[in-house]
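Reading through the structure tokens given below for one structure.
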Amino acid sequence: MASSVVPFPAIIIPSRKYRVRQKLPQIRAQIYRDEGKSRHVDANLQVLKQRIEEVKMKERLEKCLVCEQGWNYTATTASSYLHKKREKQLDQCVELLCMVGGTFGFTIFGCTLCLYLTSLLIHLNH
Numbered sequence: 000m001a002s003s004v005v006p007f008p009a010i011i012i013p014s015r016k017y018r019v020r021q022k023l024p025q026i027r028a029q030i031y032r033d034e035g036k037s038r039h040v041d042a043n044l045q046v047l048k049q050r051i052e053e054v055k056m057k058e059r060l061e062k063c064l065v066c067e068q069g070w071n072y073t074a075t076t077a078s079s080y081l082h083k084k085r086e087k088q089l090d091q092c093v094e095l096l097c098m099v100g101g102t103f104g105f106t107i108f109g110c111t112l113c114l115y116l117t118s119l120l121i122h123l124n125h
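Set out below in structure tokens:
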């Protein structure tokens, strides 16, 4: 019995020169009920886009109404944002120093006034 045994699996590569490329036809399944749906989807997308634009415009108007009176614009550069942030921090520091200084000064003034009135009463009674 003569049989040829291949020790490794054989790889068969088909020749490409005999293949003919065929264009596959596009198959679309349509049902009578689906005929008008594509127009409805387009109309729905247009309505959705209009609503999104309306919401964006409403948000812009609400943002402007919340702003202070005067020029209502938003800073577009990072440097102007940082400048405004520093000014705000400086204003807060000055406000804090004024509160601390005012409280300390009022305490000193009040104590001095009390001591003066007390010493005046003691000297008048002698």
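Under numbering that gives the first Met the number 0, think of the first position of the sequence shown as 0, with each following residue one higher.
Where is the CB? At the ideal position from N, CA and C, for every residue including glycine.
Given the structure is predicted, the values throughout are model-derived calculations rather than measurements.
- Query: Nearest-angstrom Cα distance between LEU123 and TYR115?
  - Reply: Position 124 of the sequence shown holds residue 123. Position 116 of the sequence shown holds residue 115. If you take the alpha carbons of LEU123 and TYR115, they lie about 12 angstroms apart.
- Item | Spatial distance of LEU60 from PHE105 (CA atoms) | Taking the first residue of the sequence shown as 1, we reach residue 60 at position 61. Taking the first residue of the sequence shown as 1, we reach residue 105 at position 106. Near 46 angstroms, if we compare the C-alpha coordinates of PHE105 and LEU60.
- Query: Helix or strand or just coil, what does DSSP make of HIS125?
  - Reply: Along the sequence shown, one-based indexing puts residue 125 at 126. HIS125: coil per DSSP, three-state reduction.
- Query: By Cβ distance, which residues of its chain are closer than 7 angstroms to LEU112, with the 5 residues on each side in sequence left out?
  - Reply: Taking the sequence shown and counting its residues from 1, the one referred to as residue 112 is at position 113. For LEU112, where only same-chain residues beyond five positions count, there are no Cβ hits under 7 angstroms.
- Message: Is GLY101 near the ligand ATP - that is, is its Cβ less than 8 angstroms away from at least one heavy atom of it?
- Response: The ligand ATP is not among the ligands present in this structure, which contains no ligands whatsoever.
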